[in-house]
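First the structure, in the form of structure tokens, and then the observations on it.
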Amino acid sequence: RVRRGDRRCTPCPWPWRHASPARRLAAGRHVEPCPHGRVMPPIGIAGAGVVGSRIVRMLDGIHPLAIHDRAVSAAREIAVAYPSVDVVDRIEALDDCAVVVLTQPQPGGDVVARLLRAGVHVVSVSGVPETWRAYLPLAS
């Protein structure tokens, strides 16, 4: 038996019959308030391009979001389509986020270092591992 919350259930022997993760996310289009009265820190998204807008589309309504882009007009266009997304004009405002997703091809080193020193978890879509090896000591 597997314990999930306050109820017990048996694991399903046919996991492939359940909805895909994308369908489960699409069904949960609302942010549940924390039952303990805590404020959930937003997920920050640095970059309002194709990848950033897809991340917003997948997470909108599930978790609070804040987006930043050098071209503020691009971030504001996303905010028009998704009114629950907060647009921040300065990248420093993402220091208050729990996680920041960097969607730029080559994120600035000073931005990454500042986020890691502030205790923010950083996720990058950049596929260059050599870029990130220099930041591993800062992540501890």
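Okay, so the sequence shown: first residue is 3 according to the working numbering, each after it adds one.
For glycine and all other residues, C-beta sits at the position ideal for the given N, C-alpha and C.
Nearest to V53 by alpha-carbon distance, out of M42, A120, V41 and D71, is D71. Under the DSSP assignment, I64 falls outside any beta strand (DSSP E); it carries neither an H nor an E label. The Cβ atoms of L96 and L117 lie closer than 8 Å to each other. The Cβ atoms of R119 and L104 lie no closer than 8 Å to each other. Rounded to the nearest whole angstrom, the C-alpha separation of P131 and V113 is 17 Å. DSSP places G111 in the helix class (H, G or I) of the three-state scheme. Per DSSP, the unbroken alpha helix (DSSP H) holding S75 starts and ends at V74 to A83. Secondary structure of D88 (DSSP, three-state): strand. At the C-beta level, G51 and V102 stay beyond 8 Å of one another. The C-beta distance from A81 to P43 rounds to 19 Å, too long to meet the 8 Å contact threshold.
In chain order, V74 place their CB closer than 7 Å to the CB of D91, counting only its own chain and leaving out the 5 sequence neighbours on each side. For the 8 Å CB-CB criterion, V87 and L67 form a contact.
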